[in-house]
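Residue numbers (full-length UniProt numbering): 1 to 206.
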Amino acid sequence: MAQSNQMIETLDDCFFKTADNIMKYYVNEEEKKKTLEELRSILKESCSESARILAASKIKEQLELTFDPEAKNVEDIIKEYKEAIFNIQVDLSEYNRLLEYDRQIEVLHQANEDTPSNELDDTDADLQLTGLDINVIDPISKTRMTNPVKNAACGHVYDKASLIAMLEKNKNTRCPVVGCTNLTYIDLNQCRTDIVTKTYLERNPV
Numbered sequence: 001m002a003q004s005n006q007m008i009e010t011l012d013d014c015f016f017k018t019a020d021n022i023m024k025y026y027v028n029e030e031e032k033k034k035t036l037e038e039l040r041s042i043l044k045e046s047c048s049e050s051a052r053i054l055a056a057s058k059i060k061e062q063l064e065l066t067f068d069p070e071a072k073n074v075e076d077i078i079k080e081y082k083e084a085i086f087n088i089q090v091d092l093s094e095y096n097r098l099l100e101y102d103r104q105i106e107v108l109h110q111a112n113e114d115t116p117s118n119e120l121d122d123t124d125a126d127l128q129l130t131g132l133d134i135n136v137i138d139p140i141s142k143t144r145m146t147n148p149v150k151n152a153a154c155g156h157v158y159d160k161a162s163l164i165a166m167l168e169k170n171k172n173t174r175c176p177v178v179g180c181t182n183l184t185y186i187d188l189n190q191c192r193t194d195i196v197t198k199t200y201l202e203r204n205p206v
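Shown next as structure tokens:
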């Protein structure tokens, strides 16, 4: 499961970076919009497949827990499983991967839209990102982040390595940012790569 989550995170990072490059370097607005829509459609399909796989896994686990060899034969179990798989309904309206993609794309769009021309060079893009309120200091280690991840529960950003180290010491840990009102424990699966902060860090090395 951990390896699967890592693969999904890497895939989403590629989606974010691709969208960023489309917004920066596509001159034709109509072509840019169409390409971004196609990219989001591909991500949406990926999210749908991931959700179906997760739902199928839960169905399998439930059937295994309730399996009674004296009450049901193998054929009945297989039939029940196939029917449950066929009836899986995927609702992406609140799917975290898609919501986070839309949020970060909106921020990237704001970072690029203020220039009179869409032909942004690296300096232009840096100025636009600098105009945003971007914190590069990890609230856990108090050092510059290298791999920023955002907590979907509260929106705060941490360095992934520091976060993992902290959770290994105590998995029941809340957001360490002073003043954070979120009282739920941090779930590493809810922490996604923050492409805006990561892009800023890459363009502004120490």
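Here a beta-carbon is modelled for each residue, glycine too, at the ideal position from N, C-alpha and C.
Own chain residues within Cβ distance below 7 angstroms of residue i, not counting five before or after
i	result
F15	L39, L43 and Y101
P116	For P116, the pLDDT reaches just 45, beneath the cut-off of 50, and the residue's location in the model is therefore unreliable, although a value from the coordinates is still provided. If we look at P116 and ignore the five residues flanking it on each side, it has no Cβ neighbours.
S93	none
A84	I59
C-beta contact flag for residue i and residue j at 7 angstroms
i	j	result
C154	N182	yes
I88	R52	yes
Y26	K32	yes
N151	C191	yes
D20	T193	no
P139	P176	yes
Terminal residues of the beta strand (DSSP E) in which residue i lies
i	result
K150	P148 to N151
V157	V157 to D159
Bridge partner(s) assigned by DSSP for residue i
i	result
T193	V149
I137	R144
Cβ-based neighbour list, residue i, same chain, cut-off 8 angstroms, excluding 5 preceding and 5 following
i	result
F67	I77
Q6	none
Y95	C47 and A51
I22	K32, T35, L36 and L39
C180	C154, H156 and R174
S141	D159 and S162
E206	Reading the sequence as shown, one finds Val at residue 206 and not Glu. Once the five neighbours on either side are set aside, the close Cβ partners of V206 are R144.
L167	T173, I186 and L188
L11	S46
Y81	I59, K60 and L63
T146	D159, A161 and L201
Range of the contiguous alpha helix (DSSP H) that encloses residue i
i	result
Y81	V74 to F86
S48	E29 to T66
Close Cβ partners of residue i (< 6 angstroms) along its chain, the five nearest in sequence each way excluded
i	result
I195	F16 and Q104
L99	none
V178	none
N118	Residue placement at N118 is poorly supported in this model, since its pLDDT is 42, which falls under 50; the coordinates still yield a value, given next. Within the same chain, N118 has close Cβ partners V27.
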